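**Q**
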Amino acid sequence: MRRAWLLCLALVMLGACTADGDRPGVIVLPGMVESIPYDSHDRNSVTGQTLLLPPEGTVPYGFRPFAYGPGVEEAARAGRELANPILVDGAAMESHLRAGQEGYDIFCTVCHGPAGEGDGPIIGRFPNPPSLLGEHALGMADGHIYHVIFHGQGLMPAYNAQIREEERWRIVAYVRSLQRAATATGSAGADEKASAPLASSANAVVEPESVEDPNTVEGGAS
Ligand code: HEC
Numbered sequence: 414m415r416r417a418w419l420l421c422l423a424l425v426m427l428g429a430c431t432a433d434g435d436r437p438g439v440i441v442l443p444g445m446v447e448s449i450p451y452d453s454h455d456r457n458s459v460t461g462q463t464l465l466l467p468p469e470g471t472v473p474y475g476f477r478p479f480a481y482g483p484g485v486e487e488a489a490r491a492g493r494e495l496a497n498p499i500l501v502d503g504a505a506m507e508s509h510l511r512a513g514q515e516g517y518d519i520f521c522t523v524c525h526g527p528a529g530e531g532d533g534p535i536i537g538r539f540p541n542p543p544s545l546l547g548e549h550a551l552g553m554a555d556g557h558i559y560h561v562i563f564h565g566q567g568l569m570p571a572y573n574a575q576i577r578e579e580e581r582w583r584i585v586a587y588v589r590s591l592q593r594a595a596t597a598t599g600s601a602g603a604d605e606k607a608s609a610p611l612a613s614s615a616n617a618v619v620e621p622e623s624v625e626d627p628n629t630v631e632g633g634a635s
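Put into structure tokens, the structure is as follows:
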């Protein structure tokens, strides 16, 4: 009896030796070999077409819709209604600002310059970007700056696809820290449409460590 079992087992194992390329050989439990779902581009007997648009009103998992459309009015509304959510966690501010600087250096410095003076390497090759230390940007609420990152503004492109939600708020906090540093050194508001690197550039570069006190961070969106 035992030898019969061994013989059966050996036959099954030998059967598996017929596997080659796409042919799996002898399949003992076929349930997981044959795929039940339709392939994306197959026709299907229920709806005809397998690949469909998502039903209206649904959002992808993990995606949070932004309740503000593009445009100046929506930007102002975002400024009035949104507060920077990362400011509540004062203890983490240092790491938020460090991450904000990283994001800023990657996405914003090329146009607005390392300290926000509007003197990025792009000047002269693109309509010169405004200084983020100018009166206008200083007067923008946090939510408004967030909106500019999300939807862009005028010639500035939208960055919502490249920068994730928390990252955007971190960059907003970092822009605020650049503005505070510049205000402290007296260079803020001086040159709204800077078109060349300013002499005070080096002084305005902020070290995140110097602004870690959460009490010095403005709420902004009031
Ligand atoms: C391709 C160049 C470019 C990049 C990159 C860029 N900006 Fe801008 N940004 C501009 C220009 C140009 C304007 C002026 C747009 C207008 O009003 O026509 C502007 C305007 C702004 C304003 C409004 C300033 C004001 O006084 O009206 C803010 C705030 C701002 N940018 C922040 C950012 C941040 C933060 C980033 C990085 C996430 C960024 N920008 C990346 C070109 C750029």
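For our numbering, add 413 to where a residue sits in the sequence shown, where the first one is 1. Glycine included, every Cβ here is placed at the ideal spot set by N, Cα and C. In this text the structure is predicted, and so the values were computed from the model without any measurement.
1) To the nearest angstrom, how far is the alpha carbon of HIS557 from that of PRO467?
2) For GLY533, verify whether its CB is less than 8 Å away from any heavy atom of the ligand HEC.
3) Going by C-alpha distance, which of TYR474, HIS454, THR596 is nearest LEU551?
4) Does the beta-carbon distance from GLY529 to VAL585 come in below 9 Å?
5) Could you round the C-beta distance between GLY526 and PRO543 to whole angstroms and report it? I think they count as a contact, below 8 Å.
6) Give me the Cα-Cα distance between GLU605 and MET569, rounded to the nearest whole angstrom.
7) Quick check on GLU625: buried or exposed, where buried means 16 or more other Cβ atoms within 10 Å of its Cβ?
8) Is the beta carbon of TYR481 sitting closer than 9 Å to the one on HIS549?
9) Which stretch, first to last residue, makes up the alpha helix (DSSP H) that contains GLU469?
**A** Once the coordinates are examined:
1) 31 Å
2) yes
3) THR596
4) no
5) No, GLY526 and PRO543 are not in contact; Cβ-Cβ is about 11 Å, not under 8 Å.
6) Unreliable positioning characterises GLU605 in this predicted model, as indicated by a pLDDT of 44, which lies under 50. The coordinate reading is nonetheless provided below. Using only the alpha carbons, I get a separation of about 16 Å.
7) Legend: pLDDT at GLU625 = 40, less than 50; position of this residue unreliable, value from coordinates given subsequently. Answer is buried; the Cβ neighbour count reaches 16.
8) no
9) Premise fails: GLU469 is in no alpha helix (DSSP H) and is neither H nor E.
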